[in-house]
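Counting from 158, one number per residue, gives the positions in the sequence shown under the numbering used here. Note that beta-carbon positions come from the ideal geometry of N, C-alpha and C, so glycine has one too. All values derive from a computational prediction rather than experimental measurement. Structure record follows, encoded as structure tokens.
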Amino acid sequence: MKKQLMSSTILGALALVVSTISSAVPITDVQEYINNTPTEFFVIDDASKYDSPYYRESDQDWGWVHSGIVGSGFTSIILDISAFDVDFGLVDGELDMIDIYDGSNWVSFGNLNGSDDSWDFTSFDLSGYAWAEAQVNAGLQVRMDIDTLNEGWLVTLGRAALSVDGGDQVCVPTPGVPCVSVDVPEPTSIVLLSLGLVGLGLSRRRQFNK
Numbered sequence: 158m159k160k161q162l163m164s165s166t167i168l169g170a171l172a173l174v175v176s177t178i179s180s181a182v183p184i185t186d187v188q189e190y191i192n193n194t195p196t197e198f199f200v201i202d203d204a205s206k207y208d209s210p211y212y213r214e215s216d217q218d219w220g221w222v223h224s225g226i227v228g229s230g231f232t233s234i235i236l237d238i239s240a241f242d243v244d245f246g247l248v249d250g251e252l253d254m255i256d257i258y259d260g261s262n263w264v265s266f267g268n269l270n271g272s273d274d275s276w277d278f279t280s281f282d283l284s285g286y287a288w289a290e291a292q293v294n295a296g297l298q299v300r301m302d303i304d305t306l307n308e309g310w311l312v313t314l315g316r317a318a319l320s321v322d323g324g325d326q327v328c329v330p331t332p333g334v335p336c337v338s339v340d341v342p343e344p345t346s347i348v349l350l351s352l353g354l355v356g357l358g359l360s361r362r363r364q365f366n367k
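Written out as structure tokens, the structure reads:
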């Protein structure tokens, strides 16, 4: 019985080592003004929210690509998009639709939420989609259809934060305010702990076999 217990301990520790190495550390990839490309229009700061080319209308749709996040077995994949002046919820309210590329097609994830003249985050949960992990690894592609109903609404985006396994940054929707890093477990420490458990198990197994 004791030998079986030692074997289970060793196997469990080895499994933890393997899973830690194969999985990513919690990461948040933030796309905003400081890493804009020529076709991206995240606003530089709150004071510029009504300025061109950031405050955009129905014929000014655009999209962006997140940096690839390497890993497997993500427990959660959340995309938070910060938008200004989304008049959603009114009669005939504003509809700014978000699509995400699944590797073959664009998938509609719904519209931005918000309120008049304010910055708000809208969260999109990708965790349950079979294709999501591969697209996060490759660099998630996102696009926005501004004012889908073509009713004269305008919107400004502040940032998009893509977080896996809870992420390693906390962001506010207001642009120009830096995200704050949070402490996450270091994979090296977890691996060393797991290897230590393996060594302890082997040592005790040798003692029992004497």
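### Task
Go through its chain and collect everything with a Cβ distance to D186's Cβ below 7 angstroms, but skip five positions before and after it.
So the qualifying residues of the chain are H223, S224, I226 and L319.
### Task
Would you mind sorting G267 into buried or exposed? The rule is 16 or more other CB atoms within 10 Å of its CB.
Only exposed fits G267, as fewer than 16 other CB atoms lie within 10 angstroms of its CB.
### Message
Under DSSP, the beta strand (DSSP E) around Q217 begins and ends at which residues?
### Response
For Q217, there is no enclosing beta strand (DSSP E), as DSSP marks it with neither H nor E.
### Query
Is it right to say Y211 is buried, meaning 16 or more other beta carbons lie within 10 angstroms of its own, or is it exposed?
Taking every protein chain shown into account, the CB of Y211 has 16 or more other CB atoms within 10 angstroms, so this residue is buried.
### Message
What does the alpha-carbon distance come out to for the pair E189 and S265?
### Response
In this structure, the straight-line span from the alpha carbon of E189 to that of S265 is close to 22 angstroms.
### Query
So what does T313 bridge to, in DSSP terms?
For T313, the pairing in a beta bridge is given by DSSP as F241.
### Query
Which of the three DSSP states, helix, strand or coil, is assigned to I178?
Confidence at I178 is low in this model, with a pLDDT of 41, below 50, so its placement is unreliable and the value that follows should be read with caution. The three-state secondary structure of I178, taken from DSSP, is helix.
### Message
Given this structure, state the Cα-to-Cα distance separating E308 from V243, to the nearest angstrom.
### Response
Their backbone Cα atoms lie some 13 angstroms apart in a straight line.
### Task
Give me the Cα-Cα distance between L134 and E251, rounded to the nearest whole angstrom.
Residue 134 is absent from the structure shown; the chain starts at 158 and stops at 367.
### Task
Give the range of the alpha helix (DSSP H) segment to which N294 is assigned.
Residues A289 to A295.
### Task
Measure from the alpha carbon of I235 to the alpha carbon of each residue in D256, V339 and D322, then state which is nearest.
The shortest C-alpha separation from I235 is found at D322.
### Query
Thinking C-alpha only, which one of D216, Q292, Q326 and N294 is nearest I303?
Of the candidates D216, Q292, Q326 and N294, D216 places its Cα closest to the Cα of I303.
### Query
With which residues is I255 paired in a DSSP beta bridge?
Answer by DSSP bridge pairing, in chain order: G267 and M301.
#### Entry: Which residues DSSP lists as bridging V321, in chain order
BP columns for V321 point to I184 and I234.
### Message
Give me the residue from C336, R316 and P195 with the minimum Cα distance to S280.
### Response
Selection C336, R316 and P195 evaluated against S280 yields R316 as nearest (Cα-Cα).
#### Entry: Same chain, Cβ closer than 6 angstroms to E290, neighbours up to 5 away in sequence not counted
Shown here for E290: same chain residues with a beta carbon closer than 6 angstroms to its own, the five before and five after excluded, namely F231 in chain order.
### Task
Could you say which of T194, F278, R300 and Y286 lies nearest to I255 if we only look at CA atoms?
The option with the nearest alpha carbon to I255 is R300.
### Query
Using the rule of at least 16 other Cβ atoms within 10 Å of the residue's Cβ for burial, across every protein chain shown, is S239 buried or exposed?
For S239, the number of other beta carbons within 10 angstroms of its own is at least 16, and it is reported as buried.
### Query
For F199, does the three-state DSSP call read helix, strand or coil?
F199: coil per DSSP, three-state reduction.
### Message
Under DSSP, the beta strand (DSSP E) around D274 begins and ends at which residues?
### Response
Run containing D274: none; DSSP gives neither H nor E here.
### Query
Does the Cβ of T313 have 16 or more other Cβ atoms within 10 Å, making it buried, or fewer, making it exposed?
Burial call: buried.
### Task
Would you grab the beta carbon distance between D277 and P330 for me? Rounded to a whole angstrom, and I think it's under 8 angstroms.
Yes, they are in contact, since the Cβ atoms of D277 and P330 sit about 6 angstroms apart, within 8 angstroms.
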